[in-house]
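Heads up: the structure comes next, in structure tokens.
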Amino acid sequence: MFKVSPLFGDHAILPLGKELRIFGTADEGEVIRATLTAADGTVTGEGVSTAREGHFLIHLPPQRLGVRPLTLTLSSDTMTWTAHDLVTGYLFMAGGQSNMEWSLWNAELGQTFIQTHNDPDLRYFNVPRVSVLDEAGLAAHDAAHWQQIAPHVGGDMSAVAYFFARELRAKIGFPVGIVGCNWGGTSILSWMDEVALNRSVPAMKAAEDYESKYGAIPLDEWQAKQTAFQHDMDAWNAKVAQIKEANPGIEWAEVEKQAGVCPWNPPPGPGSPYRPGQLARSMVAKIVPMALSGILFYQGESDVDRAENYGELLITLVTRWRELFGDAELPFYNVQLPMFIDAGAQDDHRWAILRNQQEKAWHALRDSHLAVMLDEGEYGNIHPVDKLTPGERLARLFMEKFAHRHPHQPWAMRKSTCGNVLTVELTGPVEARLGEPDLFEIAGEDGVYVPAKAELDWHRIHLTAQGVAHPVKARYAFVNYAKVHVFSAYAPYLPLAPFVLED
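The numbering of the sequence shown is my numbering, which starts it at 567 and goes up by one.
Structure, rendered in structure tokens:
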């Protein structure tokens, strides 16, 4: 007997131009044959595999656009399995933590689209959020399935991924599929497998620290605590949903006032999704080595306390994922963290440091793309309700690659000093909008940053500051939260990316 991964079930999206990898579980030595056929019976792909160590993997040739619908049939000497209505298009994994997990029905404008949007070629598959592969966890994976966007279908889809896919559908018209693989509150460490954890000293140390503190907790003891915690969280979330339904425009501070403090205190232990490597084992491992068109990623909020090491961790994760998904050039589309600070908190620059680390990883990785969100974010709310903007900015990055267009996002390239003026050269022209250009700082040889006056000069910015006779360093928007006023000079008026120029 064999069992095919539900990723290849009815309505699956097959990535355009990629060798297909069909996989599942099977009895040892069982020979499984796969056939992909078009509606007229034409065979578009064939392959065979002999199961080893309980698993099989069948390679099929890349498929062309327009040959649809496709039927996938797998058979052995004992059984036959068939999936219908497969189509070729673009297939993305949507990874990260809560702002990627954030569902369409909780997002701004989400209810409108849920009620009216009908697009059978925008499809999604949610990887079950299970942290333990026990009987219940495995059953959840087996029950997962593809869904097609239709009125009142799609509310449980990642809102960021939905708006990304919706924009791609409007721009290029090809089928788009999203495989949601995300979990709120998770560190990047949760998504790194043992190989990745051992490649990074900070990751390895964090994993060892976790195991020394919590590794000896019995699984059943952790499960009992987790059940109690989840009960409290479900009750609180239900209360929040009730409050928001009664008053759709309510401010988050008022929601918290009425619902009470979020009982966020997940118990650590051997089955925790916040254990380093746990979700690599219980979620990511269930979808590799499928072929993808790219990865969308929105994560980092839970790692601001280790912000200085985040760039290294992100590079390690992406490199390892490319190995696991069998594609050394797999495009990676990352959301840079928006503005945020807890209400009443002092700005410790941790979010600014992490944004800078995200940019460093972007520079270090091939075919990596970074969506700047410096003009987004909400004071006191770590979950901005606007998920349209990050989704559309990710889509813009894809379209720039797809159409070979020059990137529209303005970035700092280099700096130079002449007397008491430090000039920053940009990748494109900028202008001030809705206020004066601020949040710029410069420093002399002593390294002490002071606020700088900014003169915008098309694709240059000239910076000066009283008391800094010879500036050698510059930075912009090095804060957790503030309003920005410098944008690209052309529509859609993207914010100038934050920068730190010190070398």
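Glycine residues also receive a C-beta, built at the ideal position from the N, C-alpha and C atoms.
Alpha-carbon spacing of residue i relative to residue j, whole angstroms
{"i": "Arg872", "j": "Gly632", "result": "47 Å"}
{"i": "Phe891", "j": "Phe574", "result": "16 Å"}
{"i": "Leu920", "j": "Ile907", "result": "14 Å"}
{"i": "Arg999", "j": "His1051", "result": "5 Å"}
{"i": "Phe691", "j": "Glu594", "result": "29 Å"}
{"i": "Val1066", "j": "Pro950", "result": "25 Å"}
{"i": "Gly611", "j": "Trp668", "result": "37 Å"}
{"i": "Val827", "j": "Trp818", "result": "12 Å"}
{"i": "Glu585", "j": "Thr793", "result": "42 Å"}
{"i": "Glu958", "j": "Met939", "result": "11 Å"}
{"i": "Ile783", "j": "Gln789", "result": "10 Å"}
{"i": "Arg599", "j": "Ser838", "result": "38 Å"}
{"i": "Tyr840", "j": "Lys1039", "result": "38 Å"}
{"i": "Asn684", "j": "Glu811", "result": "24 Å"}
{"i": "Pro814", "j": "Ala911", "result": "27 Å"}
{"i": "Arg634", "j": "Gly781", "result": "50 Å"}
{"i": "Ala543", "j": "Asp1012", "result": "With the chain running from 567 to 1069 in the structure shown, residue 543 is simply not present."}
{"i": "Ala736", "j": "Pro832", "result": "40 Å"}
{"i": "Val1014", "j": "Lys1049", "result": "23 Å"}
{"i": "Ala801", "j": "Pro836", "result": "25 Å"}
{"i": "Ala702", "j": "Pro694", "result": "11 Å"}
{"i": "Tyr858", "j": "Ala894", "result": "Note that residue 858 is Leu in the sequence shown, not Tyr. If you take the alpha carbons of Leu858 and Ala894, they lie about 12 Å apart."}
{"i": "Ile809", "j": "Glu820", "result": "9 Å"}
{"i": "Asp606", "j": "Thr648", "result": "16 Å"}
{"i": "Glu774", "j": "Asn986", "result": "49 Å"}
{"i": "Ala772", "j": "Thr882", "result": "14 Å"}
{"i": "Gly946", "j": "Lys823", "result": "13 Å"}
{"i": "His972", "j": "Phe964", "result": "12 Å"}
Contact set for residue i: own chain, Cβ-Cβ below 6 Å, skip 5 residues either direction
{"i": "Thr654", "result": "Leu580, Leu582, Gln629 and Leu631"}
{"i": "Gly866", "result": "Leu903 and Leu920"}
{"i": "Asp722", "result": "Ser669"}
{"i": "Gly662", "result": "Asn748, Phe863, Tyr864 and Gln865"}
{"i": "Ser641", "result": "Arg599"}
{"i": "Ile715", "result": "His683, Asp685 and Leu688"}
{"i": "Glu733", "result": "Glu958 and Ala961"}
{"i": "Thr616", "result": "Val597"}
{"i": "Lys791", "result": "Pro833"}
Cβ-based neighbour list, residue i, same chain, cut-off 8 Å, excluding 5 preceding and 5 following
{"i": "Ala918", "result": "Ala1043, Phe1044, Val1045, Asn1046 and Pro1064"}
{"i": "Val609", "result": "Thr601, Leu602 and Thr603"}
{"i": "Met645", "result": "Met567 and Phe568"}
{"i": "Leu879", "result": "Ile754, Leu755, Met758, Ser766, Pro768, Ala769, Asp869 and Arg872"}
{"i": "His974", "result": "Arg962, Glu966, Gly994, Ser1054, Tyr1056, Pro1058 and Leu1060"}
{"i": "Ser982", "result": "Leu988, Thr989 and Glu991"}
{"i": "Arg886", "result": "Met758, Asp759, Val761, Ala762 and Arg765"}
{"i": "His915", "result": "Phe1044, Val1045 and Asn1046"}
{"i": "Phe795", "result": "Pro829, Asn831, Pro832 and Pro833"}
{"i": "Leu623", "result": "Arg587, Ile588, Phe589, Ser615 and Pro855"}
Whether residue i touches residue j by CB criterion (8 Å)
{"i": "Leu960", "j": "Val884", "result": "no"}
{"i": "Glu942", "j": "Thr955", "result": "yes"}
{"i": "His935", "j": "Pro897", "result": "yes"}
{"i": "Val726", "j": "Tyr899", "result": "no"}
{"i": "Leu636", "j": "Leu652", "result": "yes"}
{"i": "Pro976", "j": "Leu1062", "result": "yes"}
{"i": "Glu991", "j": "Arg1041", "result": "no"}
{"i": "Pro855", "j": "Arg587", "result": "yes"}
{"i": "Ala927", "j": "Gly860", "result": "no"}
{"i": "Leu1022", "j": "Pro1037", "result": "no"}
{"i": "Gly843", "j": "Leu763", "result": "yes"}
{"i": "Asp798", "j": "Pro829", "result": "yes"}
{"i": "Val1016", "j": "Gly1033", "result": "yes"}
{"i": "His625", "j": "Lys852", "result": "no"}
{"i": "Phe729", "j": "Lys953", "result": "yes"}
{"i": "Ala1031", "j": "Ile1008", "result": "yes"}
{"i": "Gln681", "j": "Pro627", "result": "no"}
{"i": "Ala673", "j": "Met666", "result": "no"}
Neighbourhood of residue i by C-beta distance below 7 Å, restricted to the same chain and skipping five residues each side
{"i": "Val719", "result": "Gln713"}
{"i": "Arg805", "result": "Checking the sequence shown, residue 805 turns out to be Lys, not Arg. Cβ within range, chain order: Ala825."}
{"i": "Leu845", "result": "Ser697, Trp749, Thr752, Ser756, Trp757 and Pro839"}
{"i": "His970", "result": "none"}
Cβ separation of residue i and residue j, assumed to be a contact under 8 Å, to the nearest whole Å
{"i": "Ser848", "j": "Val698", "result": "6 Å"}
{"i": "Ser724", "j": "Gly743", "result": "Ser724 to Gly743, Cβ: 12 Å. No contact."}
{"i": "Thr591", "j": "Gly620", "result": "6 Å"}
{"i": "His650", "j": "Asp576", "result": "5 Å"}
Below-8 Å beta-carbon distance, residue i vs any chain B residue
{"i": "Ile680", "result": "Checking the listed chains, one finds no chain B in this structure; it contains a single protein chain."}
Distance cut-off 7 Å: residue i Cβ against heavy atoms of the ligand FAD
{"i": "Glu817", "result": "Ligands in the displayed structure: none, and consequently the ligand FAD is not present."}
Counting only runs that start and end within the stretch 847-927, where is the beta strand (DSSP E) found for 3 or more residues in a row? 860-864 and 898-901
With a floor of 3 residues, list each beta strand (DSSP E) that falls wholly inside the stretch 678-715, ordered by position along the chain. 685-692 and 712-715
Enumerated in chain order, which unbroken segments of the alpha helix (DSSP H) with a length of 4 residues or greater are wholly contained in the stretch 628-678? 664-667
Which full runs of the beta strand (DSSP E) of 3+ residues lie inside the stretch 587-620, going along the chain? 597-603 and 609-616
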